[in-house]
Structure formats: structure tokens, C-alpha cells
Amino acid sequence: MLPSKRPYLADEELGKKDDDHRPRNGRNPLSRAKQWRAPRPRRLVIGIIILYLIYLFFKNMPTDVPPAVERFNPEFARARQGSGKSLPPAMPSPVTPANGPPPRPDSQTDIKEDFYYEGEIRFKSLARTLQRFWKPPSRDGTSTSRAVVFAGSNLRSVSDLLPLACRMATQKINEVHFVLMGRDDVSIEGIQRVNGIKEDDCPIVWHVWNDVHVEILMQAPSGSSGSLIRLIRSLEAADYLGSTPSLTIELPPRVDPQLLHFLQKLKWPPQTSSTVTLRRRIQPDYLTPVEASLRTVEAFYPRNPNVTHVLLLAPEAELAPSFYHFLKYTMLKYKHSAQTKRTPCKLLGFSLELPSSRPTDNGPFAPPKSEQSQQLGGEPLPVFLWQAPNSHAALYFGDGWADLHSFLTNRLALHRPTSEMSTEEKSISKRYPAVMEYLLELIRARGYYLLYPNFPERGTFTLATVHSELSQPPEEFLHDGQVDSTTALESSINQLSAEKHLDQASTLMPLLERFSLSLPDLSSLPLLSYGGEEMSDIMCSQGTEEYAKKFAIHYGGCRDSDLTDGSTRLFCLHERESGEESIII
Numbered sequence: 001m002l003p004s005k006r007p008y009l010a011d012e013e014l015g016k017k018d019d020d021h022r023p024r025n026g027r028n029p030l031s032r033a034k035q036w037r038a039p040r041p042r043r044l045v046i047g048i049i050i051l052y053l054i055y056l057f058f059k060n061m062p063t064d065v066p067p068a069v070e071r072f073n074p075e076f077a078r079a080r081q082g083s084g085k086s087l088p089p090a091m092p093s094p095v096t097p098a099n100g101p102p103p104r105p106d107s108q109t110d111i112k113e114d115f116y117y118e119g120e121i122r123f124k125s126l127a128r129t130l131q132r133f134w135k136p137p138s139r140d141g142t143s144t145s146r147a148v149v150f151a152g153s154n155l156r157s158v159s160d161l162l163p164l165a166c167r168m169a170t171q172k173i174n175e176v177h178f179v180l181m182g183r184d185d186v187s188i189e190g191i192q193r194v195n196g197i198k199e200d201d202c203p204i205v206w207h208v209w210n211d212v213h214v215e216i217l218m219q220a221p222s223g224s225s226g227s228l229i230r231l232i233r234s235l236e237a238a239d240y241l242g243s244t245p246s247l248t249i250e251l252p253p254r255v256d257p258q259l260l261h262f263l264q265k266l267k268w269p270p271q272t273s274s275t276v277t278l279r280r281r282i283q284p285d286y287l288t289p290v291e292a293s294l295r296t297v298e299a300f301y302p303r304n305p306n307v308t309h310v311l312l313l314a315p316e317a318e319l320a321p322s323f324y325h326f327l328k329y330t331m332l333k334y335k336h337s338a339q340t341k342r343t344p345c346k347l348l349g350f351s352l353e354l355p356s357s358r359p360t361d362n363g364p365f366a367p368p369k370s371e372q373s374q375q376l377g378g379e380p381l382p383v384f385l386w387q388a389p390n391s392h393a394a395l396y397f398g399d400g401w402a403d404l405h406s407f408l409t410n411r412l413a414l415h416r417p418t419s420e421m422s423t424e425e426k427s428i429s430k431r432y433p434a435v436m437e438y439l440l441e442l443i444r445a446r447g448y449y450l451l452y453p454n455f456p457e458r459g460t461f462t463l464a465t466v467h468s469e470l471s472q473p474p475e476e477f478l479h480d481g482q483v484d485s486t487t488a489l490e491s492s493i494n495q496l497s498a499e500k501h502l503d504q505a506s507t508l509m510p511l512l513e514r515f516s517l518s519l520p521d522l523s524s525l526p527l528l529s530y531g532g533e534e535m536s537d538i539m540c541s542q543g544t545e546e547y548a549k550k551f552a553i554h555y556g557g558c559r560d561s562d563l564t565d566g567s568t569r570l571f572c573l574h575e576r577e578s579g580e581e582s583i584i585i
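Heads up, the sequence shown is in UniProt numbering, so the first residue is 1 and it goes up one at a time.
Here it is as C-alpha cells:
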């Protein structure tokens, strides 16, 4: 036996404290207390129930609780119940005005919840915009205007408004219009069929805001990416009014890796109808002018030429946030209005930028001066017509682009150039893409023209600007020894000095506050020839007829006997084989 565990043999009567010598138990009392004890089943069940109740509370948290002011003040609650309206939303602070469009939601979030607003809507500028609809009152003091407009964006709201609009239209007291401005891809026929409405029973005028579709087309330069990235970022900052256009980017065979990395992380505005298409060329050799022209024209063909249009952009261009508002504002007036559909129009499209030089000889260009008018609503919008194409930033209508397809098909079938055009045949400078030459031929032969803006130089209404510090000649003219370097340098300096600052407003309200709200008629606008000289409508018709006759003989394969006075034929596909009838187009 060990000495430590041996009992101490002492007499207890002696009063000696022998606690230290008593035998100890093998287990420590403190270690026994530290041992884990399993919780009781009753406490475990109660804890699980408490956690489940907390989860249910946060999951089903009430969201219709009134504000604290109404909860503790009964007068506010009674006023709200009596009026049936909620308090107006807090106005934003005027210290930091909003200069850009609202931030776009992430693609992972629910988009529909960010589109709709349930608060009170106030149209502060509605009275000023209705001035063009004002008519002098009659003898009894009532207004002579009988137009009533119903507008709806939600399909449920449209179903509620349609019976009211149809009932008002059947009474034939007012002229009823119905405007569809929603984001749902539903046609007018589908809405009429679902709601059981027939045109004879409901004589209202339908307007569809989202029928017009725009596709953006741009070509990336070889070996550089800064200019194209700047252009795409300006497109991302624009406001598209709920209908985002499609984006098509033509890539060369040798692409800058920085551009590919940027396109990989590109987040185009999240819309179901908007897409980004990349097309990379395989052919490593440089393109000829004909091949480059075909590449540009074949990159787009309108699915519906009446409502599908193409916006042609150059890499060195940069657009303002409100450029799409101007596009839609002018398209609805000059392409889709009832007045335009009744009268024939030669408008091929319109440009967003005003060039500082003529595209033919790089000479300085002086736009016509706009006439000052004292009409109600401000001076007219400074625009003019010009028989000159534009490749920096221009929108071409779908029917005009389809006509360009047919024009090039017949043009190259009868007269395909084996080498480059001579100096006498070429009218457009080599600073511009080769497709501009064929566009100019089509414009002169058909009598087309483009709409150009002419905003004041000191104003802030510039919708598009062209940067020349990163510009380079087109690929088809990159290794052309006939280009005069001195002329190109002078034109670049002139372009750099004429560069304008973009308008940073997200809407057209600053533009409409100065100029008239109603766009002028095309017949009242000045018309310029492709060389920049002002001419009348009669001179334009005579010049078109003369050029069309020369073009048909030189390029169209026609003879003098095939053409008569006033003929608009451009191509004569004569018999190629015996027995084949001649076809005249």
C-alpha cells in the first residue's frame, strides 16, 4: 500500500485535524459538475417551437402597416379613410438634381416590381404641353376640341378602361383615342380578342407606343478598343423608354483582347426583347470596298420594314443620354403619323449629328440658318433636309434599307467593279466607309434625303458628337496610297475643333422648353443637295430625273430606247440567253 493512501493511525480524542490524511475518492466533485447533461425533452420542444414562431414572424411580416404619424394620430387616419388617398410621396431634395436616368436593376432581381409605382401621380408639365391642342372657344364659350385620350400600361387596367372608352366612342360625342404604353408584348388584335371587342362596335383610335423597334449596328475597328468601349458606355447610360433596342457588333478577325473582355462582362439592359449579337469575321485579308459595303448592308435586314429600323453608329461617335427620346419623337412624327401615311415621303432617315465638313470634298459645311418665328410655344426646331448620307450616327428606316438591298443586288449583278472606282466615279471622301458611296447613289437616283439637326453651337442640345483623336481610316482604305495625308490631317483638326459637348439631360424637356413642341412639316424645311447647295423641290425633281437616266445607262444596263421622259427605271436586265424576255426594273 502506498504511503499516501495509508490511514493515519491517530487517536481522534487528541483533536488532531487529519483531513489531509483521510482516504480520497477517485473522482473529483468539480469534474462531476463540469460533465454535460442532456437537456430535458420538454425544454428542447419549447426551444424548437420558439424558433419556428420567429421564422413565421419574419416570413409573414405585415407590410400594410400605416405610417407612425397615422397610427398615433387619429385625425390623420380619419382623413385618409375619408379621402381614400395616401399621403403624397416625399419630394426629392432640390440640392442634388437627377442628371441621368434611374439606375437599372440587376438581372437577378424581379424587374416587374421596379417598373410600377402605386403612389400619387402628378403631371406638372401637362398644361404646358397641351398648348398645341388648344383651340379658340366657340360663341357659347365651350372649347371646340373633342379629343379624349385613354392611356394604359397594365393589362388589367386596360381591361377596366376599355368598356368606358368604347361606351364613350359609341356615343360619337368625342373623338376617343386609346394609347397602349405597357411592357407586355401583346398586339392590339390580341387585346381586342381577349376583351371581346370588335372595331365596328368600338370605334376608337388605337395607338401603340412600343410597335417601333430599332436595331443598333456598329463595327469594331482592328487593333483598338477605346473608342468602341466609350460608345457602348454611352449607350448603356441612355434611357430607352421601356423598349430597349437590339445591339449588333461586327468584329474584325484581329480583335483587341481588352474589347473581348469588356464584351464578356457587358450587361445590356435586362429586357426580354433586347439581344446582343456578336459577329466576327473569319477572312484575315483586308476587305475591298465592295466587300466592306456588302458586309455593312447584309448585317441588317428589317423583319417588318414599316416598324423595324436600323441605327448605324461609328466607333468614334458618342451619344447623349436623351438621344433615343429624340429618335422616337421624330419617328412618330415623320414616319408613323397619319399625315405621313397619306402623302408620299422621300425621307430615308435622320442623322443625330451635324457634320462640320461635306462628305464629298471635306470642305467646311455651313448649315442653313433657321428662320425665327413668333408662334405660340417657342421657335421651331432647327432641322433641315440634306441629300447626303451619314455613317457616324444616323437612323435609316426599314423600307429604305430594304430598298438598298435590292439596289445593291441589281447594281452588282450588272456592273460589279473588278477594281477600285476611279476618282471621277467616286464622290464620297475616303475618310468615310465605302458603303457611303452606294448610299449616295441610291439617294440621288431615288430623290431621297435625310433629316439633320441644326442646334445652336453655344447650346447644350448636342445629341451626338464625333471624337477624332482615336479615329482611323476605314479598313478598306487603310492601305490606300492615294489618300492625301495633308487633307486627312486638316480635316481631323477641323473635326477636333468642332467637337461639341453632349447634353447630359436624360429627357428632351430642356430641348422642348426652348423650341416648339410641334415638329415642322417636311415641306417647310430647307432642302440641300449632296454638295451642300440649297435648292427647291422642282430643282430636286429635275436633278433626280437627270441622274437616274445617267445611272440607268451607265450602271443599269439600259439603252436610250428603254427610257422615256419621266421614267424612274434604274436597271434593265436584258436577255442573257436566247428566248429570255427582257426585264426592266
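We put the beta carbon where it would ideally sit given N, CA and C, even for glycine.
Report task. Mind checking which residues open and close the alpha helix (DSSP H) that includes residue 365? Result -> Stepping through the sequence shown from its first residue, residue 365 is reached at position 365. Counting along the chain, residue 365 falls outside any alpha helix (DSSP H), and DSSP gives it neither H nor E.
Problem - residue 333 versus 320, 411 and 347, residue with shortest Cα-Cα distance - result: Counting from 1 along the sequence shown, the entry for residue 333 is found at position 333. Considering only 320, 411 and 347, the residue with the shortest C-alpha distance to residue 333 is 347.
task = Enumerate in chain order the residues of its own chain whose CB-to-CB distance from residue 556 is below 7 angstroms, with the five nearest sequence positions on each side excluded.
result = Position 556 of the sequence shown, counted from the first residue, corresponds to residue 556. So the qualifying residues of the chain are 414, 570, 571 and 572.
Per DSSP, what kind of secondary structure is residue 218 in: helix, strand or coil? By 1-based counting over the sequence shown, the position of residue 218 is 218. The three-state secondary structure of residue 218, taken from DSSP, is strand.
**Prompt:** Between residue 109 and the rest of its own chain, which residues show a CB-CB distance below 7 angstroms, the 5 nearest in sequence each way excluded?
**Reply:** Residue 109 sits at position 109 when you count from the first residue of the sequence shown. Here residue 109 scores only 47 on pLDDT, less than 50, and its place in the model is too uncertain to base an answer on.
By DSSP, does residue 545 sit in helix, in strand, or in coil? Here residue 545 is taken as the residue at index 545 of the sequence shown, counted from 1. It is helical.
**Message:** Only counting the same chain, and skipping five residues up and downstream in sequence, which positions put a Cβ closer than 6 angstroms to that of residue 448?
**Reply:** Residue 448 sits at position 448 when you count from the first residue of the sequence shown. Closer than 6 angstroms at the Cβ level, and outside the excluded window around residue 448, lie 346 and 348.
**Report entry** N- and C-terminal bounds of the alpha helix (DSSP H) containing residue 249
**Finding:** Working through the sequence shown from its first residue, we reach residue 249 at position 249. According to the DSSP assignment, residue 249 belongs to no alpha helix (DSSP H) but to the beta strand (DSSP E) extending over 246-251.
Fill in: Validate contact between the stretch 278-289 and the stretch 168-176 using beta carbons, cut 8 angstroms, 3 pairs
Between the stretch 278-289 and the stretch 168-176, the count of Cβ pairs shorter than 8 angstroms is below three; the stretches do not touch.
Original post:
For residue 278, does the three-state DSSP call read helix, strand or coil?
Top reply: In the sequence shown, the residue the question calls residue 278 occupies position 278. Residue 278: strand per DSSP, three-state reduction.
Residues of its chain near residue 283, where Cβ-Cβ distance is below 7 angstroms and the 5 sequence neighbours each way are ignored: The count along the sequence shown starts at 1 and reaches residue 283 at position 283. Non-local beta-carbon contacts of residue 283 in its own chain, meaning distances under 7 angstroms to residues more than five positions away in sequence, involve 253 in chain order.
Practice task
List the endpoints of the continuous beta strand (DSSP E) containing residue 312.
Solution key: Looking up residue 312 in the sequence shown gives position 312. Residues 308-313.
Based on Cα-Cα distance, which residue from 542, 152, 327 and 406 lies nearest to residue 350? Taking the sequence shown and counting its residues from 1, one reaches residue 350 at position 350. Minimum Cα distance to residue 350 is reached at 327.
Within a Cβ cutoff of 7 angstroms, which residues of the same chain sit near residue 568, ignoring the five residues on either side of it in sequence?
On the sequence shown, position 568 is the one that residue 568 refers to. So the qualifying residues of the chain are 548.
Ordered along the chain, which non-local residues of its own chain (more than five positions away) have a Cβ less than 7 angstroms from that of residue 340?
As a working mapping, residue 340 is identified with position 340 in the sequence shown. So the list reads 334, once near-sequence residues are dropped.
Check: So what does residue 535 bridge to, in DSSP terms?
Finding: Residue mapping note: residue 535 aligns to position 535 of the sequence shown, counting from 1. In DSSP, residue 535 forms a bridge with 527.
Suppose contacts are defined by Cβ-Cβ distances below 8 angstroms. Is residue 188 in contact with residue 162 by that definition? Here residue 188 refers to the residue found at position 188 of the sequence shown. Here residue 162 refers to the residue found at position 162 of the sequence shown. No.
Exercise. With burial defined as no fewer than 16 other Cβ atoms inside 10 Å of the residue's Cβ, what is the status of residue 530: buried or exposed?
Worked result: Locating residue 530 in the sequence shown gives position 530, counting from the first residue. Buried.
Taking just the CA atoms, how far does residue 560 sit from residue 220? Here residue 220 refers to the residue found at position 220 when the sequence shown is read from its first residue. Here residue 560 refers to the residue found at position 560 when the sequence shown is read from its first residue. Taking the straight line joining both Cα atoms gives about 44 angstroms.
Original post:
Taking buried to mean at least 16 other C-beta atoms within 10 Å of its own C-beta, is residue 542 buried or exposed?
Top reply: For the purposes of this step, residue 542 is taken as the residue at position 542 of the sequence shown. Per the 10 Å Cβ criterion, exposed.
Rounded to a whole number of angstroms, what is the C-alpha to C-alpha distance between residue 277 and residue 302? The residue you call residue 277 lines up with position 277 of the sequence shown. The residue you call residue 302 lines up with position 302 of the sequence shown. C-alpha separation (whole angstroms): 15 angstroms.
Does the beta-carbon distance from residue 248 to residue 280 come in below 8 angstroms? Taking the sequence shown and counting its residues from 1, the one referred to as residue 248 is at position 248. Taking the sequence shown and counting its residues from 1, the one referred to as residue 280 is at position 280. It is not a contact, given that the beta carbons lie outside the stated cut-off.
Check whether the Cβ atoms of residue 204 and residue 158 lie closer than 8 angstroms to each other. For the purposes of this step, residue 204 is taken as residue 204 along the sequence shown, with counting starting at 1. For the purposes of this step, residue 158 is taken as residue 158 along the sequence shown, with counting starting at 1. Annotated as distal: residue 204 and residue 158, with beta-carbon spacing of 8 angstroms or more.
Could you have a look at residue 255 and say whether DSSP puts it in helix, strand or coil?
Taking the first residue of the sequence shown as position 1, residue 255 is located at position 255. In this structure, residue 255 counts as coil in the three-state DSSP scheme.
Which same chain residues, not among the five before or five after residue 365, have their C-beta less than 7 angstroms away from its C-beta?
Looking up residue 365 in the sequence shown gives position 365. Counting only Cβ-Cβ distances below 7 angstroms, and skipping sequence neighbours, we find 355, 356, 357, 358 and 532.
Residue(s) in a DSSP beta bridge with residue 393: Here residue 393 corresponds to residue number 393 of the sequence shown, with the count starting at 1. Partner(s): 313.
Inset, instruction - Taking only the alpha-carbon atoms, compute the straight-line gap between residue 256 and residue 226 and give it to the nearest angstrom. - result: Position 256 of the sequence shown, counted from the start, is the residue given in the question as residue 256. Position 226 of the sequence shown, counted from the start, is the residue given in the question as residue 226. Cα to Cα, the separation comes out at about 10 angstroms.
* What residue does the alpha helix (DSSP H) around residue 159 start on, and which one ends it? -> For the purposes of this step, residue 159 is taken as the residue at position 159 of the sequence shown. Where residue 159 is concerned, the enclosing alpha helix (DSSP H) stretches over 155-170.
- Task: Counting only the same chain and skipping the five closest in sequence on each side, list residues whose C-beta sits under 6 angstroms from that of residue 214.
- Result: Position 214 of the sequence shown, counted from the first residue, corresponds to residue 214. So the qualifying residues of the chain are 245, 309 and 311.
Backbone secondary structure at residue 100 - three-state DSSP = The count along the sequence shown starts at 1 and reaches residue 100 at position 100. Confidence in residue 100 is poor, its pLDDT being 47 and thus under 50, which makes the residue's placement unreliable; the coordinate value appears in the next sentence. In this structure, DSSP gives residue 100 a state outside helix and strand, which the three-state scheme calls coil.
Subject >> Residue from 321, 52, 515 and 408 whose Cα sits closest to the Cα of residue 291 >> reply: Numbered from its first residue, the sequence shown carries residue 291 at position 291. Selected option, being the one with the closest Cα: 408.
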